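FYI, the numbering for the sequence shown is 484 to 597, going by my numbering. We treat Cβ as the ideally placed atom computed from N, Cα and C, and that holds for glycine. This one's a predicted model, so the numbers in the text were calculated from it and none came from an experiment. One structure is given below, encoded as structure tokens.
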Amino acid sequence: MIITQTRDQRNFVGSMNPGTDVVESLSQICVDNSIFCAHFSGIGYVRSPAVRTYNVARKGFEEPVTHEGVFHVVAMHGNISLQDKETIVRCHVIGTLRKGEEEPALLSGELVGG
Numbered sequence: 484m485i486i487t488q489t490r491d492q493r494n495f496v497g498s499m500n501p502g503t504d505v506v507e508s509l510s511q512i513c514v515d516n517s518i519f520c521a522h523f524s525g526i527g528y529v530r531s532p533a534v535r536t537y538n539v540a541r542k543g544f545e546e547p548v549t550h551e552g553v554f555h556v557v558a559m560h561g562n563i564s565l566q567d568k569e570t571i572v573r574c575h576v577i578g579t580l581r582k583g584e585e586e587p588a589l590l591s592g593e594l595v596g597g
């Protein structure tokens, strides 16, 4: 286990432009600002989210599924880390997905695009 006490911290607050990919944008923010370890949270709307879920029996993730429609993210939490000098974004979401005039459906998992 690696643990350290922090004394200084940087906080970032902002919003993303419509049409940008959430996960790609978070990764780019980290690269641009030399963020190597962090946690984040957010809310909002995502078009055509790509979400994957964890399969406990297989001990691995299922293939991502892209859902057409507008996803209302009521809770988004995640973390940033480095793996082999590459920025890794883990973004967990829960919310409702609306396809046209259909009733909204609950959707949760790891957001990998959208």
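Beta bridge counterpart(s) of residue i as assigned by DSSP
i, result
"Val539", "None; Val539 has no bridge partner."
"Asn564", "For clarity, residue 564 is Ser in the given sequence; the question names Asn instead. Ser564 is bridged to Ile571."
"Ser591", "Ile577"
"Gly596", "Ala533"
"Thr549", "Ala533"
Where residue i falls: helix, strand or coil (DSSP)
i, result
"Ser524", "strand"
"Ser508", "helix"
"Val514", "helix"
"Thr579", "strand"
"Phe544", "strand"
"His555", "strand"
Among the options, the one whose alpha carbon lies nearest that of residue i
i, options, result
"Asn494", "Ile486, Glu507, Ile518 and Glu593", "Ile518"
"Thr549", "Arg541, Val534 and Gly543", "Val534"
"Pro501", "Phe523, Ile485, Gly527 and Val514", "Gly527"
"Pro587", "Asn562, His555 and Glu569", "His555"
"Cys513", "Leu590, Arg573, Gly578 and Pro532", "Arg573"
Cβ-Cβ distance between residue i and residue j below 8 Å
i, j, result
"Leu594", "Gly552", "no"
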